[in-house]
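As structure tokens, the structure follows; a few thoughts come after it.
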Amino acid sequence: MPLPPELDPWAKLRATTRARIGLGRVGDALLLKDVLEFQLAHAKARDAVHTKLDTAPLKSAIQGQVIEVRSAADSREIYLRRPDLGRQLHPDCEALLTPGDYDAVFVIADGLSATAVSLNAVPMLKAALNRLHDLKIAPVVIATQGRVAIGDDIGERLGAKLCVMLIGERPGLSVSESLGIYLTYDPKRGTRDSARNCISNIHGKGGLSYDMAADTLAWLMREALHRKLTGVDLKEEALIAAPETAAALGTS
Amino acid sequence: MIPMARYATSFGGETYRFDDLKSVLACASARRSGDELAGLAAQSDAQRVAARAVLADLPLATFLNEALIPYEADEVTRLILDSHDTEAFAPVSHLTVGGLRDWLLGYEADSAALRALAPGLTPEMVAAVSKLMRNQDLIAVARKCEVVTAFRNTLGLPGRLATRLQPNHPTDDLRGIAASTLDGLLYGTGDAVIGINPATDNVPNCLALLEMLDGLRQRYEIPTQTCVLTHVTNVIEVMNRGGAVDLVFQSIAGSEAANAGFGVNLGILQEAREAALALKRGSIGQDVMYFETGQGAALSAEAHFGIDQQTIEARAYAVARAFNPLLVNTVVGFIGPEYLYDGKQIIRAGLEDHFCGKLLGVPMGCDVCYTNHAEADQDDMDTLMTLLTAAGVTFVITVPGADDVMLNYQSLSYHDLLYLRSTFGVKPAPEFELWLEKMDMVDRKGRMRMAGPQNKMLQRLISAAAA
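Protein sequence lines, in the order shown, are assigned to chains A and B.
Numbering-wise (our numbering), the first sequence opens with residue 1 and increments by one.
Numbering-wise (our numbering), the second sequence opens with residue 253 and increments by one.
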């Protein structure tokens, strides 16, 4: 039986963290209600990993030209075992991407959470585009069974100066719908991860808001185009020039 | 005559040939997705067994004469070969890999014999023999290894199981971290270290976290050590600024190139260790290093040199032991299903890593864990923690309710420690055990008291933390 809040010594402390603190126990074991709650959270996280991304609602919500591509990983199991295939564009899709004069391309990929993309990708995209009216943006690309680096191939084929990848992050128990953004200047196949900037933890359960993320992204994109780079050096720059922006950047 | 005859065998009427030593090792490894990803794994189960038969007949000295990564090209290889202790190796120098397996399982190979042997073994020998051992063999031999280290308490004594208390928070909120820490202390966890993975990895933030942890430790006079797991270059800067650094943490791997991927080399580790030693913060020992490792790290950095993930992981322990660490743990299920696909692979890897570390003389612990994209769940963690405790693991990692809300993966819960203590009768580090008694947190049967409303002392602690 849960204690009434005035008797529960943990009530105040629980407000300070999402961590599962102050759980009771029976003998040495967790209470059954906590075991089942945990199992449900795990089930939801696994569903986020294994659910197939439904692209139709995304396409209609984007309300513009959308190119749909897929990676060389044909199934979820192969996708999970073979990250190399998730980074490669499927050969059948190459012809869909024709070069143009673009400052940036936005790529939406399911990554490890289709749930994150379904919930957050379009509002995030719109918040970003609202701040980028002066840039030449390529048609949005949706990539299924995709990992971050598939954006390199896509960006290179489109001739975009920047690739902005919106991708579902690996789900946790408390949040299974977190979206990440990876920004890469001069995307080319074989680009190293250290040459990207990452804004992570974008979601509606106490994560970074679309507006905060979009402000950071817009700043980074303009700096990247100006300085012709992304990655560690741009992050260092952000730490000095715009510490509030830098605070939103991931540690990787 | 076939030139590669040395790595061939006739087995069950078929002949199997292997290109080189690396290939024998890789094919002999238990099946795992990382070796398949790297294109190194055995092509069939029969080929896997054949590789084991070839490996069993190789003299141990092979590994001293044939470096898997060239001596000239890799400082980890140089460290391994230059620090090899011929005298310690003598008792087994005449043996094959299969002979070593039998020797290790024999009754004469007791704790003292294994301790004396450790400097004579290279990681490649240890990895090789582990591939010939079933899970029970890995447990039985690791259990005989005693690796004792000390800082403010003594870790690794027989019959003890220590824990890292990991109070991570998604935004490094100090009160949230303190709350998770207090919760863990009430379960009697935290004797190995109270260690935070910072969400924001910079020097000012690390200073703030360390100050809070050190304040908590001093206020309650807890005989343990604290750590913020930041990059070694950050911790050097933190020490320059007078931060309360007990332990230097770093993730390491088994090749110079993979370590470069982590932004470290042997020189910078040595520099950090010397700086930490100069602070003289240990009360009963001066083991100041804490390392994390994990199978797949080298491959993910594209720095595995065609070596299977278990063998190159063992090389990381040679890096660790050069710096007299207080703690080392494999983060076994953290890396994801492309390296360890499911519970079976994670469990086997956890036992291998623990065995290899202990045999090399490293104070080996384990983060018994998995991610949500792996085919694993808490039942697999129950199995692995139970097996590792049977194997005498130095420490495990615990987080509130098994859910790390910052790193987004599942480890063990504080509750799990209580299960392990009651089931196996294992105790915390002796100094920490005394502290728990002094704080009246343990009842007369040695069980942790419930932190419910009936317990006034614990109520006061919790209220003080919330105030």
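Even glycine gets a Cβ: it sits at the ideal position worked out from N, Cα and C.
Bear in mind the structure is a predicted one, so any value in this text is a computation, not a measurement.
Cβ-Cβ separation between Pro680 (chain B) and Leu670 (chain B): approximately 11 Å, too far for a contact (criterion under 8 Å).
Taking 7 Å as the upper bound on Cβ-Cβ separation, chain A lies near no residue of the region 468 to 480 of chain B.
The beta carbons of Asn197 (chain A) and Leu229 (chain A) sit no closer together than 7 Å. In the three-state DSSP reduction, Glu627 (chain B) falls in the strand class (E or B). If you draw a straight line from the Cα of Ser535 (chain B) to the Cα of Arg404 (chain B), it comes to about 5 Å.
Per DSSP, the continuous beta strand (DSSP E) segment holding Gln502 (chain B) begins and ends at 500 to 503. Interface criterion met: the Cβ of Thr17 (chain A) is under 7 Å from a Cβ in chain B. In the DSSP secondary-structure assignment, Ser118 (chain A) is not bridged to any residue.
Counted as a single uninterrupted DSSP element, the alpha helix (DSSP H) harbouring Val571 (chain B) occupies residues 561 to 573.
Taking a C-beta distance under 7 Å as the contact criterion, Ala282 (chain B) and Arg600 (chain B) qualify as a contact pair. Chain-ordered, the chain A residues with CB closer than 8 Å to the CB of Asp655 (chain B) read Ala19, Arg20, Phe38, Ala41, Gly172, Leu173, Ser174. In the DSSP secondary-structure assignment, Lys679 (chain B) is bridged to B:Arg412. CA-to-CA, the gap between Gly286 (chain B) and Val571 (chain B) works out to about 22 Å. Under the three-state reduction of DSSP, Val484 (chain B) is assigned to helix. Between the region 89 to 103 of chain A and the region 176 to 184 of chain A there are fewer than three inter-stretch CB-CB distances shorter than 8 Å, so the stretches are not counted as touching. Close CB contacts of Arg525 (chain B) within its chain, under the 7 Å cut and outside five residues either way in sequence, are with Val500, Val540, Met541, Phe575 (chain order).
Apart from the 5 residues on each side of it in sequence, Ile67 (chain A) sits with its Cβ closer than 7 Å to the Cβ of Leu96, Leu97, Pro139, Val141 in its chain, given in chain order.
The Cβ atoms of Leu13 (chain A) and Gly24 (chain A) do not sit closer than 7 Å to each other. Rounded to the nearest angstrom, the gap between the Cα atoms of Tyr439 (chain B) and Asn624 (chain B) is 26 Å. With a threshold of 16 other beta carbon atoms within 10 Å, Met658 (chain B) meets it and is buried. No Cβ of chain A is located within less than 7 Å of the beta carbon of Asn486 (chain B). The contact set of Arg82 (chain A) on chain B, defined by CB atoms closer than 8 Å, consists of Leu289, Glu590 in chain order. Taking 7 Å as the cut-off, the beta carbon of Leu636 (chain B) is found closer than this to the beta carbon of Val620 (chain B).
With respect to the C-alpha of Ser674 (chain B), the residue from B:Gly653, B:Asn660, B:Pro652, B:Ala642 having the closest C-alpha is B:Ala642.
From the beta-carbon of Leu670 (chain B), the residues of chain A found nearer than 9 Å are Arg25, Gly27, Asp28, Ala29. Here Lys188 (chain A) carries a coil assignment [DSSP, helix/strand/coil].
In the DSSP assignment, Gly168 (chain A) falls within the beta strand (DSSP E) that extends over 160 to 168. Counting the other CB atoms within 10 Å of its CB gives Gln39 (chain A) a total below 16, which places it among the exposed residues. Residues of the region 450 to 462 of chain B with a Cβ closer than 9 Å to any Cβ of chain A, in chain order: Pro450, Ala451, Thr452, Asp453, Asn454. When C-alpha distances from Gly428 (chain B) are compared across A:Asp84, A:Ala224, A:Ala15, A:Ala11, the shortest belongs to A:Ala15. In terms of CA proximity to Thr476 (chain B), B:Gly537 leads the group B:Gly546, B:Gln547, B:Gly537, B:Glu523. Distances from the CA of Phe586 (chain B) to each of B:Asp629, B:Ala313, B:Phe557 were compared; the closest alpha carbon is that of B:Asp629. Under the three-state reduction of DSSP, Arg196 (chain A) is assigned to strand. Of the candidates B:Met377, B:Asn581, B:Asp656, the residue whose Cα lies closest to the Cα of Val349 (chain B) is B:Met377.
The way I'd put it, the region 393 to 404 of chain B does touch the region 599 to 619 of chain B; three or more beta-carbon pairs between them come closer than 8 Å. Cβ neighbours of Ala280 (chain B) within its own chain (closer than 8 Å, five residues either side excluded): Ala294, Arg300, Ala303, Arg304, Val306, Leu307, Ala380, Lys383, Leu384.
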